[in-house]
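Colleague:
There are 2 protein chains.
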Amino acid sequence: MANIHEVAKQAGVSSATVSRVLNEAPTVTEKTRQKVEQAIKQLNYEPSMLGRNLRNSESRLLLVLIPNFSNPYYTEIINGIEDYSVEHGYNILLCETDSNPKRENTFFNMVKNKLADGIISMDPTVNMSKLQDLALDHAIVMCSEYDEYERIPYVAIDNEAAAYKVMKHLIRLGHDQIALINSDEKFLYARQRRKGYERALEEFGLPLRNELIYNTQNLDFQEGAQAIRKFSQLERNPTAAFAVSDTLAIGALKEVNVRGLKVPEDFALVGFDNISFSNMTNPTLTTVAQPMYQMGTTAASMLIKQLQGQEVDSIMMDHELIIRESTLN
Amino acid sequence: MANIHEVAKQAGVSSATVSRVLNEAPTVTEKTRQKVEQAIKQLNYEPSMLGRNLRNSESRLLLVLIPNFSNPYYTEIINGIEDYSVEHGYNILLCETDSNPKRENTFFNMVKNKLADGIISMDPTVNMSKLQDLALDHAIVMCSEYDEYERIPYVAIDNEAAAYKVMKHLIRLGHDQIALINSDEKFLYARQRRKGYERALEEFGLPLRNELIYNTQNLDFQEGAQAIRKFSQLERNPTAAFAVSDTLAIGALKEVNVRGLKVPEDFALVGFDNISFSNMTNPTLTTVAQPMYQMGTTAASMLIKQLQGQEVDSIMMDHELIIRESTLN
DNA sequence: CATTTATTTGTAAACGATTACATACAAATT
DNA sequence: AATTTGTATGTAATCGTTTACAAATAAATG
Chain A
1 MANIHEVAKQ
11 AGVSSATVSR
21 VLNEAPTVTE
31 KTRQKVEQAI
41 KQLNYEPSML
51 GRNLRNSESR
61 LLLVLIPNFS
71 NPYYTEIING
81 IEDYSVEHGY
91 NILLCETDSN
101 PKRENTFFNM
111 VKNKLADGII
121 SMDPTVNMSK
131 LQDLALDHAI
141 VMCSEYDEYE
151 RIPYVAIDNE
161 AAAYKVMKHL
171 IRLGHDQIAL
181 INSDEKFLYA
191 RQRRKGYERA
201 LEEFGLPLRN
211 ELIYNTQNLD
221 FQEGAQAIRK
231 FSQLERNPTA
241 AFAVSDTLAI
251 GALKEVNVRG
261 LKVPEDFALV
271 GFDNISFSNM
281 TNPTLTTVAQ
291 PMYQMGTTAA
301 SMLIKQLQGQ
311 EVDSIMMDHE
321 LIIRESTLN
Chain B
1 MANIHEVAKQ
11 AGVSSATVSR
21 VLNEAPTVTE
31 KTRQKVEQAI
41 KQLNYEPSML
51 GRNLRNSESR
61 LLLVLIPNFS
71 NPYYTEIING
81 IEDYSVEHGY
91 NILLCETDSN
101 PKRENTFFNM
111 VKNKLADGII
121 SMDPTVNMSK
131 LQDLALDHAI
141 VMCSEYDEYE
151 RIPYVAIDNE
161 AAAYKVMKHL
171 IRLGHDQIAL
181 INSDEKFLYA
191 RQRRKGYERA
201 LEEFGLPLRN
211 ELIYNTQNLD
221 FQEGAQAIRK
231 FSQLERNPTA
241 AFAVSDTLAI
251 GALKEVNVRG
261 LKVPEDFALV
271 GFDNISFSNM
281 TNPTLTTVAQ
291 PMYQMGTTAA
301 SMLIKQLQGQ
311 EVDSIMMDHE
321 LIIRESTLN
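Listed in order, the protein sequences are those of chains A and B.
Residue 327 in the UniProt record's numbering sits at position 327 of the first sequence; the count goes up by one each step and never skips.
Residue 217 in the UniProt record's numbering sits at position 217 of the second sequence; the count goes up by one each step and never skips.
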């Protein structure tokens, strides 16, 4: 692979001139530009990002941190990030942290080392203090998950309000024994959604029964099914459930079906995230839609603004309750 | 961020010595090592990958090309690639090509420019001639999709045999009007699976009815549903369908349900890929499982072997027909 | 035509690491 | 004590760019 000097030699100019052609500097004569461009073609030359980045100390690469690739929840956000970034001359790289501090460190180092310019973190398990450190002199944005007490800018939805809206919907349908299938409450969104759940109960004068709250380890289908099994052992069974993720809801739906109950007649079910499968289940699933794609573009724009030296503020996005068959009356 | 010279100065040694400490060269005195390590800590120094890579012309970064993030098909393969790579000191970066030649080019350039060491391509729409060019002096492996006529090593399954196995299963259940919901036959796997479909018909003495073959634009649910609608207009309806992807099968299942037909009693259905949702549908879906994770690790090992200068051969992996409720008799 | 001004190009020093080679120093040998 | 040997460190070139600054060339002015 030829380098800039060989191109310069071939074209009979200096490497500086070649560089100027590459960077579309205005001071290059049409004639020399042609010579250089021809030489570039002849030698099949591609400028080395490595040399360029070293000199410019920027890479135009953005890192997107997600806990694991398997979660369909992230795909639309990523599409948004991707589209916006590419449009603005940045490429993104998806980084799976696996909630593994060592891997996480690799990615942090990529930023420290100028191999990447900034980070959009969607990892709820991210090491906040390290991220905070990094944020002192690097561009960082959090998406979906964030830390209420830190000042790293984020884009997210109002989880409490969303959960409240779900509950209101179920209560209006006449349910007064509503279960909550929540994930681990070490996650902020889980705590917030629980808050919304409890607030709705309180405001509508329904008692809070702790045995109707099931906390899962992760968001696998199995956990949703497991929750239903647990509830079925209760003396007084719930007639509806709000799962904080569509995957949990789909697992629950499966188990409800297995037990011969009809959804929504015998049991109503609401999920969260509006993943594409939620519209393919039988019955289709009522769920909360976040403006995923838009969250992605917003996060990307915030990051790029930071890179350009602007201050950015956190943003709360709207959400929407999508009512489908699983809660029809 | 401090650089190696500042560390050297702080420690009272030369930058060469610092570099030796960083690279664990054996010739460094314990005493100087300590001095250097202390200086590194004091200055909070992190070596720049940029400088290092430029000098060493290797980045220990691998690129994984996929057409889009949204397809759950890829997740397990990626996990395999990831695990193997990390274990061997490489990091992977996920690159969405969007079947966009320009984006594709960016990633190719990353390799040309030594920003990344090699590529695992899972993109069926990849520009083969460009990839071939790149493969002349760079490490490339194809996964799932490949080009029969090129010599880029690949890891894949025997699609024809898998399709044949599916058909045999359906035929044994007594079906003689079996539809094929295939994707665009510009893809190799689609052509191969069609071949298996036709071979089975022939060997079991069943007629090939072209109107029972539906080719889709993509793998969205809707396309599966659309296929069923199309078939329902036929004079003689199929009693079973083999969809070349679980997403298509799930869309088909939905539409079959909508039409009031019972699966598997009135209509049998087989998918492909064994995505996690295929076990959550009602009824659960018979499908073909590819050893995804293992394909990932294998592809990664092939790539890393190439990087170490070894020759590698293509590999065909086993597949497995997973019989579930959608084809019970 | 000589001089000034504007424009285009070249020179060389960064960026931050690694490493062949040279050198310094200590220990071992004569 | 002088010489040899071995080990630890330093010097400086290198990777491929970009960009102040200097230099050269062309155009404009008197």
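No residue lacks a Cβ here, since even glycine has one placed at the ideal position from N, Cα and C.
Here the structure is a predicted model, which is why all the values come from computation and not from measurement.
How big is the Cα-Cα spacing for A240(A) and I178(A)?
Modeller: Counting from one through the first sequence, the residue named residue 240(A) turns up at place 240. Counting from one through the first sequence, the residue named residue 178(A) turns up at place 178. In a straight line, the C-alpha of A240(A) is about 5 Å away from that of I178(A).
Colleague: Between the alpha carbons of G271(A) and D318(A), how many angstroms are there, rounded?
Modeller: The residue labelled residue 271(A) in the question sits at position 271 within the first sequence. The residue labelled residue 318(A) in the question sits at position 318 within the first sequence. Approximately 17 Å, taken between the alpha carbons.
Colleague: Locate the beta strand (DSSP E) running through V36(B), then write down its first and last residues.
Modeller: Position 36 of the second sequence, counted from the start, is the residue given in the question as residue 36(B). Counting along the chain, V36(B) falls outside any beta strand (DSSP E), though it belongs to the alpha helix (DSSP H) covering 30-43.
Colleague: Give me whichever residues DSSP pairs with E150(A) in a beta bridge.
Modeller: Along the first sequence, read from residue 1 onward, the residue named residue 150(A) stands at position 150. E150(A) pairs with nothing; no bridge assigned.
Colleague: Less than 6 Å between C-beta atoms, sequence neighbours within five positions excluded: which residues of the same chain meet that for M292(B)?
Modeller: Within the second sequence, numbered from 1, the residue matching residue 292(B) stands at position 292. Result list for M292(B): E76, I77, in chain order.
Colleague: Where do the ends of the beta strand (DSSP E) carrying I4(B) lie?
Modeller: The residue labelled residue 4(B) in the question sits at position 4 within the second sequence. It is not in any beta strand (DSSP E) - I4(B) instead sits in the alpha helix (DSSP H) that spans 4-11.
Colleague: From what residue to what residue does the alpha helix (DSSP H) around N56(A) run?
Modeller: Position 56 of the first sequence holds residue 56(A). Segment 49-56, the alpha helix (DSSP H) holding N56(A).
Colleague: On the three-state DSSP scale, how would you describe M128(B)?
Modeller: As a position in the second sequence, residue 128(B) is number 128, starting the count at 1. Note: M128(B) maps to helix in three-state DSSP.
Colleague: Based on Cα-Cα distance, which residue from Q222(A), A227(A), L219(A) lies nearest to L212(A)?
Modeller: Residue mapping note: residue 212(A) aligns to position 212 of the first sequence, counting from 1. When each option's Cα is compared against that of L212(A), the closest is A227(A).
Colleague: Is the shortest distance between the beta-carbon of L285(A) and the beta-carbons of chain B less than 9 Å?
Modeller: On the first sequence, residue 285(A) is found 285 positions in, with the first residue counted as 1. No, because no Cβ of chain B sits closer than 9 Å to the Cβ of L285(A).
Colleague: When the Cα of N100(B) is compared with those of S85(B), T125(B), E82(B), Q308(B), which residue comes out closest?
Modeller: Numbered from 1 along the second sequence, position 100 holds the residue referred to as residue 100(B). Answer by Cα proximity: T125(B).
Colleague: Just curious, the beta strand (DSSP E) that S121(B) is in, first and last residue?
Modeller: Sequence index remark: in the second sequence, residue 121(B) carries index 121 (1-based). Here the beta strand (DSSP E) through S121(B) covers 118-121.
Colleague: Note the first and the last residue of the continuous alpha helix (DSSP H) segment covering E76(A).
Modeller: To locate residue 76(A), count along the first sequence from 1; it is residue 76. 75-87 is the span of the alpha helix (DSSP H), which, as asked, contains E76(A).
Colleague: Would you kindly work out how many angstroms separate the C-alpha atoms of G260(B) and L285(B), rounded to a whole number?
Modeller: What you label residue 260(B) is simply residue 260 of the second sequence in a count that begins at 1. What you label residue 285(B) is simply residue 285 of the second sequence in a count that begins at 1. Rounded to whole angstroms, G260(B) to L285(B) spans 18 Å at the Cα level.
Colleague: Thinking C-alpha only, which one of D246(B), T29(B), V36(B), Y84(B) is nearest A225(B)?
Modeller: Reading the second sequence from its first residue, position 225 is the one you call residue 225(B). With distances taken between Cα atoms, A225(B) lies closest to D246(B).
Colleague: Within the continuous beta strand (DSSP E) that includes V270(A), where are the two ends?
Modeller: Position 270 of the first sequence, counted from the first residue, corresponds to residue 270(A). It spans 268-270 - the beta strand (DSSP E) in which V270(A) sits, taken as one unbroken run.
Colleague: Touching or not, the stretch 47-66 of chain A and the stretch 112-122 of chain A, by the rule of three or more beta carbon pairs under 8 Å?
Modeller: Verdict: yes, contact present.
Colleague: Check the Cβ-Cβ distances between Y74(A) and every residue of chain B, and say whether any is below 9 Å.
Modeller: Start at 1 with the first residue of the first sequence, and residue 74(A) comes out as number 74. Interface residue, yes.
Colleague: DSSP has I178(B) in a bridge; who is on the other side?
Modeller: Here residue 178(B) refers to the residue found at position 178 of the second sequence. Partner(s): A240(B).
Colleague: Taking just the CA atoms, how far does N53(A) sit from Q42(B)?
Modeller: Start at 1 with the first residue of the second sequence, and residue 42(B) comes out as number 42. Start at 1 with the first residue of the first sequence, and residue 53(A) comes out as number 53. Cα to Cα, the separation comes out at about 27 Å.
Colleague: Which residues in the same chain as F221(B) place their Cβ atom closer than 8 Å to its Cβ, once the five residues preceding and following it in sequence are excluded?
Modeller: For the purposes of this step, residue 221(B) is taken as the residue at position 221 of the second sequence. Result list for F221(B): T247, L248, I250, G251, K254, in chain order.
Colleague: Cβ closer than 9 Å: which chain B residues qualify as neighbours of I120(A)?
Modeller: The residue you call residue 120(A) lines up with position 120 of the first sequence. The contacting residues do not exist; I120(A) stays about 14 Å from chain B at best.
Colleague: Just curious, the alpha helix (DSSP H) that M292(A) is in, first and last residue?
Modeller: Start at 1 with the first residue of the first sequence, and residue 292(A) comes out as number 292. Per DSSP, M292(A) belongs to the alpha helix (DSSP H) from 292-307.
Colleague: Could you pull out every residue in the same chain whose Cβ sits closer than 8 Å to the Cβ of A161(A), ignoring the five residues on either side in sequence?
Modeller: Start at 1 with the first residue of the first sequence, and residue 161(A) comes out as number 161. Only G196, H319 meet the Cβ criterion.
Colleague: Apart from the five residues just before and just after Y164(A), which ones in its own chain have a Cβ nearer than 7 Å to its Cβ?
Modeller: By one-based count along the first sequence, residue 164(A) stands at place 164. Contacts found: G196, R199, A200.
Colleague: Measure the CB-CB distance between I304(A) and V155(A) and report whether it falls below 9 Å.
Modeller: On the first sequence, position 304 is the one that residue 304(A) refers to. On the first sequence, position 155 is the one that residue 155(A) refers to. Not closer than 9 Å, so no.
Colleague: Going by beta-carbon coordinates alone, are L321(A) and T287(A) separated by less than 9 Å?
Modeller: Numbered from 1 along the first sequence, position 321 holds the residue referred to as residue 321(A). Numbered from 1 along the first sequence, position 287 holds the residue referred to as residue 287(A). Yes, these two residues count as a Cβ contact at 9 Å.
Colleague: Report, in whole angstroms, the separation of the C-beta atoms of V141(B) and M302(B), which I expect to be a contact under 8 Å.
Modeller: Sequence index remark: in the second sequence, residue 141(B) carries index 141 (1-based). Sequence index remark: in the second sequence, residue 302(B) carries index 302 (1-based). Going by Cβ atoms, the distance from V141(B) to M302(B) rounds to 5 Å, so yes, they are a contact pair.
Colleague: Please look up how many angstroms separate the CB atoms of E46(A) and N109(B), rounded, as I've assumed it's under 8 Å.
Modeller: In the first sequence, counting from the first residue as 1, residue 46(A) sits at position 46. In the second sequence, counting from the first residue as 1, residue 109(B) sits at position 109. At roughly 6 Å, the Cβ-Cβ gap stays under 8 Å, so E46(A) and N109(B) are in contact.
Colleague: With 16 as the cutoff for other CB atoms within 10 Å, does R324(B) come out buried or exposed?
Modeller: Taking the first residue of the second sequence as 1, we reach residue 324(B) at position 324. Per the 10 Å Cβ criterion, buried.
Colleague: Counting only the same chain and skipping the five closest in sequence on each side, list residues whose C-beta sits under 7 Å from that of F267(A).
Modeller: For this step, residue 267(A) is matched to residue 267 along the first sequence. Only T239, A240, V256, L261 meet the Cβ criterion.
Colleague: Alpha carbon to alpha carbon, what distance is there between L206(B) and S121(A)?
Modeller: Translated into positions along the first sequence, residue 121(A) becomes position 121. Translated into positions along the second sequence, residue 206(B) becomes position 206. Between S121(A) and L206(B), the C-alpha separation is close to 55 Å.
Colleague: Does the separation of the CB atoms of G12(B) and A300(B) fall below 9 Å?
Modeller: Position 12 of the second sequence, counting from 1, holds the residue named residue 12(B). Position 300 of the second sequence, counting from 1, holds the residue named residue 300(B). No, the pair does not count as a contact, with Cβ atoms beyond the cut-off.
Colleague: Got a sec? Which residues, its chain only, sit under 6 Å from I171(B) by beta carbon, not counting five neighbours each side?
Modeller: Sequence index remark: in the second sequence, residue 171(B) carries index 171 (1-based). F204.
Colleague: Going by alpha carbons, who is nearest to F69(A) out of E87(A), N44(A), C95(A)?
Modeller: Residue mapping note: residue 69(A) aligns to position 69 of the first sequence, counting from 1. The shortest Cα separation from F69(A) among E87(A), N44(A), C95(A) belongs to C95(A).
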